[in-house]
Amino acid sequence: MNDSTKVYFGLDRPAAPEWGGRLPVALAVPGDAAMALSALGWQAAWRLLADAPTLAVERVFTRAATPPQAEDSGRALADFPVIAFSLCYEEEYLDAAKALVAADIPLRREERPDFPIVMAGGPLAFLNPAPFLPALDLLFVGEAEAGLAEVCAALARVALSGGDKAACLDAVAHLPGVYLPGRTTGPVTRATALAGGAPTLLAVPAHSCFVSGHAEFRDMFLVEINRGCPYGCRFCAAGYVYRPPRQSRLADLQSLIETVSPRKIGLVGTALTDWPELIPFLTWLRERGTKFSLSSVRADGLTPELLTILRAAGLRTLTLALEAPSPRLRAAANKQLSEEALLNAVALAGKHGVNHLKFYCIIGWPGETEADYDALRPLLDKVAAAASIGVGKRGVAHATLSVNPLVPKPFTPMQWAPMASEAAIEAGYARVRAAVKGLKGFRVETETPSQARLQGLLARGDQTLFSLIVAAVEAGSFRRALKRWDGDPAAFLDRERPEAEAFPWDFIDNGVSRDFLWREWQRYQQAAPTAKCPPAGCGGCKRCGVYDTLGEA
């Protein structure tokens, strides 16, 4: 096994690296071990850095101890000259801030003239990191494979030769993906790991470095099948910031599995059924006796052959994305899912003995009406009939409708849209429950409206929200902090933005033009479709170079 595929099975504590002659780096996850050990992005960063000869990289799970300490050696977080946070979800700002305070490290950048260098990367770094920027010395904007190792190596060269913090930051200021808050002028281009000559190839699929019973996905080796999504659903950040969509090569994944030889693997991706090698790969895994599971499938990609393979592998719950209550809203969202395809998928599930169907549904769409909710019950009646839900042994035993409010995200067409109020969200939940009432075997799950609104506030806020994060550290939670915060959430959440309004995330260039996103926002309001990205790539988002048209294949 070579270093690039080193995997620890059942080990919570790999040998702690010696610090002598190397730059200590705390690779920190704002959360617990279970979450960290299931996060492919953080593990990809660890794999890239752990064996670097000039770095001594240790894992820190911020909820594991107070004050926080390295999982591998027990050294205090405050002892590390470089602290690198992997940020995936907006609520993690609080855990990261709590960790610094518990380590007696000043939260604000200007209060730390000397080491440590506090840096961050991960998906939030190329969505909207503005609320946490006052805490950071360095932001790595991009995919870890596209330059993180080079940034850390440059820090090590300067620090190990006696350079101070300022000299270290000077040494990386010019590198791809580096943004130095308070110093960098102009936008920073997101660093993207594109394969030369093959822009739609995922050259280095992320995979687990740790396979543990303590992970959220117990004892499962996770492997990335694709990154990004070609469908362009107008609410989905992953479909825009990970352009162009890229897919793994079958031979690369087979080689990885042969090298690691895991007992059970989890296939991670967005539109897995768009991967042309999916069924050959699953067949190969079954033949070699490797158990597997899939993160998700599209209803229009579900075939009898695929479902037969999944059921033989032990699939009992099938998750499908409905996304919106009505055909009109699904068309506006560019979901590109026909009712026929959905009903065909649930009928297959019933025929093949799937026990549980789960549907994701979003409410709080801009411009939604009662008529949109009126369309839900007729569809659910057809779903129940097609899958024979709740009628005994002939079909699916039960179904769950998981309902969440739309959170308009940066770098999507929804970045101009207002977010539904708590009252509107509650009213939407009531309409969904009314639509489900009396349907045997159905139940409804919902997200707390205030929690969704908090996520929206942090996703769309500027640097003034850092005071809310500080207040949450002092109060113990965002909920309590909001009661004493003197800011106005409505200014960030409750209004439609004009076309030219500056956004807090404008200092990031994700490669998809603002004009493209604005046209998509207009097309949302017209419920006009836009064709998915073709396999060879396209020019409409500046990432590829085949054509620059909308709504045409």
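So for the sequence shown, the working numbering puts the first residue at 177; every next one is plus one. For each residue, glycine too, the CB sits at the ideal point set by N, CA and C.
* To do: Keeping to the same chain, check which residues put their C-beta closer than 6 angstroms to that of glutamate 268; ignore five residues upstream and five downstream.
  => Within the same chain, Pro206 come within 6 angstroms of glutamate 268 by CB-CB distance, once the 5 residues on both sides are set aside.
* **Backbone secondary structure at cysteine 709 - three-state DSSP** => Shown here, cysteine 709 sits in coil according to DSSP, grouped into three states, outside any helix or strand.
* To do: Please say whether alanine 246 and alanine 202 have beta carbons closer to each other than 9 angstroms?
  => At the C-beta level, alanine 202 and alanine 246 come within 9 angstroms of one another.
* Could you work out which residue in Val572, Leu224, Tyr355, Pro375 is closest to alanine 329 when comparing CA atoms only? => Of Val572, Leu224, Tyr355, Pro375, the residue nearest in Cα terms is Leu224.
* Between alanine 475 and the rest of its own chain, which residues show a CB-CB distance below 7 angstroms, the 5 nearest in sequence each way excluded? -> Within the same chain, alanine 475 has close Cβ partners Leu496, Leu513, Ala517, Leu518, Ala521.
* To do: Would you be able to state if there are at least three C-beta pairs under 8 angstroms between the stretch 395-411 and the stretch 223-240?
  => Output reads no: the stretch 395-411 does not touch the stretch 223-240.
* What is the rounded straight-line gap between the Cα of aspartate 691 and the Cα of arginine 251? -> Rounded to whole angstroms, aspartate 691 to arginine 251 spans 49 angstroms at the Cα level.
* Can you tell me which of Arg439, Ile485, Gln702, Ile601 puts its alpha carbon nearest to the alpha carbon of glycine 389? => Distance check between glycine 389 and each of Arg439, Ile485, Gln702, Ile601 places Arg439 closest, using alpha-carbon atoms only.
* Smallest Cα separation from aspartate 662: which of Phe642, Gly297, Tyr700, Thr365? -> With distances taken between Cα atoms, aspartate 662 lies closest to Phe642.
* Under the DSSP definition of a beta bridge, which residues are partnered with glycine 338? -> Its beta-bridge partners do not exist; DSSP assigns none.
* Near glutamate 326, what residues of its chain come up, given a Cβ to Cβ distance below 7 angstroms and the 5 sequence neighbours on each side ignored? -> Within the same chain, Cβ atoms closer than 7 angstroms to the Cβ of glutamate 326 are found at Leu351, the five residues on either side in sequence being excluded.
* Close Cβ partners of methionine 590 (< 8 angstroms) along its chain, the five nearest in sequence each way excluded -> Same-chain partners within the cutoff: Arg410, Phe411, Pro542, Leu582, Pro584, Trp697, Tyr700.
* Asked: Which term fits glycine 614, buried or exposed, when burial requires 16 or more other beta carbons within 10 angstroms of its beta carbon?
  -> By the 10 Å Cβ count, glycine 614 comes out exposed.
* **Contact set for leucine 486: own chain, Cβ-Cβ below 6 angstroms, skip 5 residues either direction** => Contacts found: none.
* Check asparagine 531 in the structure and name its three-state DSSP category. => Coil, per DSSP.
* Could you name the residues of the same chain whose beta carbon sits closer than 8 angstroms to that of glutamate 602, not counting the 5 residues immediately before and after it, in chain order? => The answer, listed in chain order, is Pro625.
* Spatial neighbours of valine 317 within its chain, please: CB distance less than 7 angstroms, with the 5 preceding and 5 following residues excluded, ordered by chain position. => Correct list, in chain order: Ala301, Phe302, Gly353, Tyr355, Val364, Arg366, Ala367, Ile684.
* To do: Give the single residue among Glu675, Asp395, Val233, Tyr416 whose Cα lies nearest to the Cα of phenylalanine 468.
  => Among Glu675, Asp395, Val233, Tyr416, the Cα nearest to that of phenylalanine 468 belongs to Asp395.
* Residues near leucine 461 in its chain [Cβ-Cβ closer than 6 angstroms; skip 5 each side] -> Cβ neighbours of leucine 461 within its own chain (closer than 6 angstroms, five residues either side excluded): Phe468.
* From the DSSP output, read off the bridge partner residues of lysine 467. => Within the DSSP bridge table, the entry for lysine 467 names Lys440 as partners.
* First and last residue of the beta strand (DSSP E) that includes alanine 202? -> Run containing alanine 202: 199-205, per the beta strand (DSSP E) assignment.
* **Residues sharing a beta bridge with serine 564, DSSP** => In the DSSP assignment, no residue is bridged to serine 564.
* Per DSSP, cross-strand counterpart(s) of glutamine 423 -> DSSP lists Leu377, Asn402 as the bridge partner or partners of glutamine 423.
* Nearest-angstrom beta carbon gap, valine 183 and valine 385 [assumed within contact, 8 angstroms] -> A small correction: the amino acid at residue 385 is cysteine; valine does not occupy that position in the sequence shown. The beta-carbon distance between cysteine 385 and valine 183, rounded to whole angstroms, is 6 angstroms. This is short enough to meet the 8 angstroms contact definition.
* Which first and last residues belong to the beta strand (DSSP E) in which threonine 622 is found? -> First-last of the beta strand (DSSP E) with threonine 622: 618-622.
* Would you check if the stretch 645-662 and the stretch 334-342 touch, i.e. whether three or more CB-CB distances between them fall below 8 angstroms? => No, because fewer than three Cβ pairs between the stretch 334-342 and the stretch 645-662 fall closer than 8 angstroms, the two stretches do not touch.
* Asked: By how many angstroms is the C-alpha of arginine 629 removed from the C-alpha of glutamate 598?
  -> Distance between the alpha carbons of glutamate 598 and arginine 629: 8 angstroms.
* Return the first residue and the last residue of the alpha helix (DSSP H) that alanine 603 is part of. => Note, alanine 603: alpha helix (DSSP H), 598-612.
* DSSP bridge partner residues for valine 364 (one or two, in chain order) -> Note: valine 364 sits in a beta bridge opposite Ile684.
* Considering methionine 295, what are the terminal residues of the beta strand (DSSP E) in which it resides? -> Note, methionine 295: beta strand (DSSP E), 293-297.
* Since glutamate 499 is in the alpha helix (DSSP H), which residue starts that stretch and which ends it? -> If you look at glutamate 499, you'll find it isn't in any alpha helix (DSSP H); it sits in the beta strand (DSSP E) that goes 493-499.
* Which partner residues of tyrosine 269 appear in the DSSP bridge assignment? -> The partner list for tyrosine 269 (beta bridge, DSSP) is empty, contrary to what the question assumes.
* If we ignore side chains and look at the alpha-carbon of each, how far apart do alanine 374 and arginine 656 end up? -> If I take the Cα positions, the gap works out to 50 angstroms.
* Asked: When the Cα atoms are used, what is the spatial distance from leucine 458 to alanine 379?
  -> Rounded to the nearest whole angstrom, the CA to CA distance from leucine 458 to alanine 379 is 20 angstroms.
* Along the alpha helix (DSSP H) that carries serine 643, what are the first and last residues, could you check? => In this chain, the alpha helix (DSSP H) harbouring serine 643 covers 642-651.
* Taking C-beta to C-beta, are arginine 284 and alanine 306 nearer than 9 angstroms? -> No, these two residues do not count as a Cβ contact at 9 angstroms.
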